[in-house]
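Notes to accompany the following structure.
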Amino acid sequence: GAVVSQHPSWVICKSGTSVKIECRSLDFQATTMFWYRQFPKQSLMLMATSNEGSKATYEQGVEKDKFLINHASLTLSTLTVTSAHPEDSSFYICSAWDLEPYEQYFGPGTRLTVT
Amino acid sequence: QQQVKQSPQSLIVQKGGIPIINCAYENTAFDYFPWYQQFPGKGPALLIAIRPDVSEKKEGRFTISFNKSAKQFSLHIMDSQPGDSATYFCAAAGATGTASKLTFGTGTRLQVTL
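Taken in order, these protein sequences are the chains called A and B.
So for the first sequence, my numbering puts the first residue at 1; every next one is plus one.
So for the second sequence, my numbering puts the first residue at 1001; every next one is plus one.
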């Protein structure tokens, strides 16, 4: 199947700093990518839909000024957690649709720890 | 109406057994139903997916059964192995052919014992 990569796989940062996470579709173009957050032993929570060349669409309750999303090309979307706090510590996962065939693939995830 | 209800929450089977995980949905606009497998610390991996025009799909040891009238679908794992121990998520999406959002079930933690 298609491959979606994320970088970094884990990151530790200090409270108040910003962290950028990259999501790439390696062998297909993705006009739309999704960003999820997952807490331990819970399901995936959709944070936002990232659209190439336009503004991201955020789910209700997600602070768009805190979680900045940029989708500058057909293979790259970035999520920047600004002014991170310990409560932002979580597992962040991106996904992308490969429309031919019609399947959605997930990245390996990024573990963020804010100290 | 956007929910996908998944059961059971957890499941323990012996090696060689056939665990069955069930999902139900309400939104009749859903027309794409994938199953994902997730190991701890990893992203979900697509296992198998089905569309409403078929009632069953098999890929290796994994089978999806789909009941359109009941709005239910299930995952069967044949000859389960300890390596199948993971969390399984069902999901649903509408508007086939477009990059629509997936609605996920709450997950089932499967443990396959020796």
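Note that beta-carbon positions come from the ideal geometry of N, C-alpha and C, so glycine has one too.
Inset, instruction - Return the CA-CA distance between A/A84 and A/V19, expressed in angstroms with no decimal places. - result: If you number the first sequence from 1, residue 84 of chain A lands on position 84. If you number the first sequence from 1, residue 19 of chain A lands on position 19. So the alpha carbons of these two residues sit roughly 8 Å apart.
Legend entry - Proximity winner among B/V1013, B/P1034, B/G1107, B/K1057, relative to B/A1091 (alpha-carbon distances): One-based indexing of the second sequence puts residue 1091 of chain B at position 91. Looking at the Cα atoms, B/P1034 is the closest of the given residues.
Legend entry - Inter-residue spacing [alpha-carbon to alpha-carbon] between A/D65 and A/V81: If you number the first sequence from 1, residue 65 of chain A lands on position 65. If you number the first sequence from 1, residue 81 of chain A lands on position 81. Straight-line Cα distance between these residues: approximately 9 Å.
Inset, instruction - With 8 Å as the threshold, decide whether the Cβ of A/F39 is near any Cβ in chain B. - result: Translated into positions along the first sequence, residue 39 of chain A becomes position 39. Not one chain B Cβ lies under 8 Å of A/F39.
Legend entry - Pick from A/W35, A/D27, A/A2 that is closest to A/H71, judged by C-alpha positions: Start at 1 with the first residue of the first sequence, and residue 71 of chain A comes out as number 71. Among A/W35, A/D27, A/A2, the Cα nearest to that of A/H71 is on A/W35.
Inset, instruction - Rounded to whole angstroms, what's the CA-CA distance from B/I1048 to A/P86? Just pull it up for me. - result: Sequence index remark: in the second sequence, residue 1048 of chain B carries index 48 (1-based). Sequence index remark: in the first sequence, residue 86 of chain A carries index 86 (1-based). So the two alpha carbons sit approximately 36 Å from each other.
Inset, instruction - Determine the DSSP secondary structure at A/G107, reduced to helix, strand or coil. - result: For the purposes of this step, residue 107 of chain A is taken as residue 107 along the first sequence, with counting starting at 1. Residue state, collapsed to three classes: coil.
Legend entry - Contacts that B/T1063 makes with chain A (C-beta to C-beta distance below 8 Å): Within the second sequence, the letter at position 63 stands for residue 1063 of chain B. Within 8 Å Cβ-Cβ: nothing; B/T1063 doesn't reach chain A, min ~18 Å.
Inset, instruction - Check whether the region 91-99 of chain A touches the region 1019-1035 of chain B, taking contact to mean three or more Cβ pairs, one atom from each stretch, closer than 8 Å. - result: no
Legend entry - Cutoff 8 Å; reference A/E103; Cβ partners in own chain excluding five residues on either side: By 1-based counting over the first sequence, the position of residue 103 of chain A is 103. Result list for A/E103: G1, A2, W97, in chain order.
Inset, instruction - Please list the segments of the beta strand (DSSP E) lying wholly inside the region 1042-1070 of chain B, counting only runs of 3 or more residues, in order along the chain. - result: 1045-1050, 1056-1059, 1062-1067
Inset, instruction - Measure from the C-beta of A/G107 to each C-beta in chain B and report whether the shortest distance is under 8 Å. - result: Counting from 1 along the first sequence, the entry for residue 107 of chain A is found at position 107. Yes - at least one Cβ of chain B is within 8 Å of the one on A/G107.
Legend entry - Segment limits, beta strand (DSSP E) that includes A/G16: Position 16 of the first sequence, counted from the start, is the residue given in the question as residue 16 of chain A. First-last for A/G16: undefined, no H or E at that position.
Inset, instruction - For B/E1011, decide whether its Cβ has a neighbour in chain A, counting only Cβ atoms nearer than 8 Å. - result: As a first step, residue 1011 of chain B is located in the second sequence; it is residue number 11 there, counting from the start. For the record, residue 1011 of chain B in the displayed sequence is Leu; it is not Glu. It does not; no Cβ of chain A falls within 8 Å.
Legend entry - Opening and closing residue of the beta strand (DSSP E) in which B/K1005 lies: Numbered from its first residue, the second sequence carries residue 1005 of chain B at position 5. Its beta strand (DSSP E) spans residues 1004-1007.
Inset, instruction - Answer yes or no: does any C-beta atom of chain A fall closer than 8 Å to that of B/K1068? - result: Start at 1 with the first residue of the second sequence, and residue 1068 of chain B comes out as number 68. With 8 Å as the cut-off, B/K1068 does not count as an interface residue toward chain A.
Inset, instruction - Mind checking who B/P1034 pairs with in its DSSP beta bridge? - result: For the purposes of this step, residue 1034 of chain B is taken as the residue at position 34 of the second sequence. The partner list for B/P1034 (beta bridge, DSSP) reads B/A1049.
Inset, instruction - Go through the region 26-59 of chain A residue by residue and report every complete run of the beta strand (DSSP E) that reaches 3 residues or more, in order. - result: 32-38, 44-51
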